[in-house]
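Here my numbering is used: the first residue of the sequence shown is 639, the next is one more, and so on.
The beta-carbon is built from N, C-alpha and C at its ideal position, and this holds for glycine as well.
Remarks on the structure that follows.
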Amino acid sequence: MIDLSVVVGSIASERSIRACLTSVLASCARVSAEIIVVDASTDETASLVRRHFPEVLLVCPPAGTLMPVLWSTGIASARGSRIAFTTGHCVVSREWAEDLIKALDAGAAAAGGPITLARGASPVHRAIYLLRYSAFMPSQARGVADVSEIAGDNAVYERAVFDEQRSSLESGFWEVEINRELRARGRRVVMVPSARAELVAGFPLALMTRQRFAHGRHYGAWRVRQKLVSASRIVVAAPAVPIVLLARTALRVARSGSNLLGFMSAAPIIFWLATSWALGEAVGALRPSGGRLGAPGVEAARAHRN
639 MIDLSVVVGS IASERSIRAC LTSVLASCAR VSAEIIVVDA STDETASLVR RHFPEVLLVC
699 PPAGTLMPVL WSTGIASARG SRIAFTTGHC VVSREWAEDL IKALDAGAAA AGGPITLARG
759 ASPVHRAIYL LRYSAFMPSQ ARGVADVSEI AGDNAVYERA VFDEQRSSLE SGFWEVEINR
819 ELRARGRRVV MVPSARAELV AGFPLALMTR QRFAHGRHYG AWRVRQKLVS ASRIVVAAPA
879 VPIVLLARTA LRVARSGSNL LGFMSAAPII FWLATSWALG EAVGALRPSG GRLGAPGVEA
939 ARAHRN
């Protein structure tokens, strides 16, 4: 019986995939685990995995596949009773696997950990980190605590969560939607401070811009389909979204005591990426039927195994 499947979504991870997998394997040394890399890169990532990590299952969907779809492809191949997620740009702590599993053993349906930024990050790398992960920066809290959100880039879920939510995975594993459903059903989502992941590499700015637009499009379509808000309201609010996201990120940085100068150097790029998200959200709201990005099923995932 495999206790844990670790799904590593990978896009343009050539520079960091070896460090990522080395850390994941070390963290899982005392756990019955399988590692699944789902790689949609156009660089040498897949070749590096084949050469240096023959024990890892490698699945290769088409280039351009978004991260949530990579994760759901990994779910389709996973055999573990728990499924954890990260990306090829992250290095996890030695305690990562065991401490996340302990949180599930204590009754949580899902558990996540904080995400830190590697030293010496460029302004682009820092902007990507702050925009995506400022809500998950380390805090002073030491104990496991109930939270409303965890990042899919550093998380574990009971497999039963996905068995119960198969329809939600048709367009990929979008953790915001899954977490919302878990909370609505009274299930616990927790943060585990010791289960850290460090972002050691980032996407090129052009690629990240395209991804922010695509993710925003999905979110806008999802909000309309779920009847949470009207399409017209999303479109009218779109110009304010970059300002709100930038201000929210600045507030989180100030509260955490992080490097304000680093934030200022990254702010123009944060605004640019936030604008890409807002445009995508508006397009998704206007075309909600085109906002679902189909995920490969079990057979498709197996067909892409290498």
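A straight-line Cα-Cα distance of about 43 Å links Lys-865 and Gly-758. DSSP lists Ala-722, Ala-749 as the beta-bridge partner residues of Val-794. For Gly-647, the enclosing beta strand (DSSP E) has its first and last residue at 642-648. Non-local C-beta neighbours of Ser-903 in its own chain, meaning closer than 6 Å and more than five positions away in sequence, comprise Pro-761, ordered along the chain. Annotation: Ser-715 to Phe-723 spans about 13 Å, alpha carbon to alpha carbon. Judged by pairs of C-beta atoms under 8 Å, the segment 855-863 does not touch the segment 823-840, as fewer than three such pairs exist. Taking 8 Å as the cut-off, the Cβ atoms of Pro-752 and Pro-831 count as close. For Ile-655, the enclosing alpha helix (DSSP H) has its first and last residue at 655-665. Residue nearest to Pro-842 within the set Ala-888, Ile-649, Gly-824, Asp-737 is Ile-649 (criterion: CA-CA distance).
By the Cβ-count criterion, Asp-791 is buried, with 16 or more other Cβ atoms from all chains shown falling within 10 Å of its own Cβ. In this structure the segment 845-853 lies against the segment 907-916, because at least three pairs of beta carbons, one per stretch, are closer than 8 Å.
Rounded to the nearest angstrom, the gap between the Cα atoms of Arg-797 and Ile-673 is 15 Å.
Between Gly-647 and Trp-709, the beta carbon gap of about 5 Å places them in contact (Cβ cut-off 8 Å).
Separation of Leu-924 and Met-639 (C-alpha to C-alpha, rounded to the nearest whole angstrom) is 46 Å. If one requires a minimum length of 4 residues, the alpha helix (DSSP H) runs lying completely within the segment 851-897 are 869-875, 879-894, in chain order. When only Cα atoms are considered, Ala-885 and Val-794 end up about 30 Å apart. Shown here, Glu-693 sits in coil according to DSSP, grouped into three states, outside any helix or strand. Bounds of any beta strand (DSSP E) do not take in Leu-768; it lies within the alpha helix (DSSP H) bounded by 761-771. Checking the DSSP bridge columns, you'll see Leu-837 partnered with Cys-728, Leu-755.
By the criterion of at least three beta-carbon pairs nearer than 8 Å, the segment 817-830 is in contact with the segment 776-788.
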